Amino acid sequence: MCFIKNSAILLAFTGSFLKEEIAIRYGTGAIMAVPAHDSRDHDFAVKYDIPIRWVVNPVDGQFFPEKLHIGEGTMINSSSLMTGLDINGLPVKEAAAKVIDWLEITGHGKKKVNYKLRDWLFARQRYWGEPFPVIFLDDSGEIVPLPESELPVTLP
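Residue numbers (the numbering used here): 7 to 162.
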């Protein structure tokens, strides 16, 4: 994998800079830079002794510095005087919507839905292949489709 080393990343929401190694073939090229909530960023922060700053207060309010928190909660440490964006106290989903609105208004980005659709084949559905509902007739050996009235078939 290729890396861009010794680069400085401008964090759009805070206006601060972060030194980082960027994997140029990974994903969209966007960097999360949230070591308390992303495993790759957490590993990087631990390796280079970078302080880990929590930005999501877990629903139960319990922080475990050695663990990641991926899930619901309310935003903390998430305001910027430079941009005027303040999402402190908002639930994660509400905060995400507010950030997307801010990105669109300021021209820094736009909302995009990625459905992560993948090609598929019948054989991928089960390791032995897709079951087709047919009956093997004992007397003639003929194979006939199961009548529609007997569908769907519940497999063991």
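Ideal placement from N, C-alpha and C gives every residue a C-beta, glycine not left out. Bear in mind the structure is a predicted one, so any value in this text is a computation, not a measurement.
Asked                                                                                                : Found
Bridge partner(s) assigned by DSSP for Ser-84                                                        : Its beta-bridge partners do not exist; DSSP assigns none.
8 Å contact criterion, which Ile-76 and His-43 should meet: CB distance rounded                      : 6 Å
Cross-strand partners of Lys-79 (DSSP beta bridge)                                                   : The sequence given here places Gly at residue 79; Lys does not occur at that position. In DSSP, Gly-79 forms a bridge with Pro-64.
With 16 other Cβ atoms within 10 Å as the buried cut-off, status of Val-62                           : buried
Separation of Asp-49 from Arg-59, as counted between CA atoms                                        : 14 Å
Beta-bridge pairing of Ile-141 - partner residues as DSSP gives them                                 : Val-150
Pick from Ala-51, Tyr-121 and Gly-90 that is closest to Leu-109, judged by C-alpha positions         : Gly-90
Simplified DSSP assignment, three categories, for Asp-44                                             : coil
From Asp-144, Lys-122, Glu-156 and Asp-145, residue whose alpha carbon lies closest to that of Phe-6 : Within the shown structure, residues of the chain are numbered from 7 to 162, placing residue 6 beyond reach of any answer.
C-alpha gap between Val-119 and Ile-93, whole angstroms                                              : 22 Å
Extent of the continuous alpha helix (DSSP H) to which Ile-93 belongs                                : Neither: Ile-93 is in no alpha helix (DSSP H) and is coded neither H nor E.
As assigned by DSSP and simplified to three states, the class of Phe-9                               : Unreliable placement is indicated for Phe-9, whose pLDDT of 40 sits below 50; no coordinate value is reported for it.
Reference Ile-106; option with closest CA among Ile-149, Lys-117 and Pro-97                          : Lys-117
C-beta contact flag for Ser-85 and Ala-101 at 8 Å                                                    : no
Contact under 8 Å by Cβ, Gly-79 with Val-98                                                          : yes
Separation of Ala-103 from Ile-111, as counted between CA atoms                                      : 12 Å
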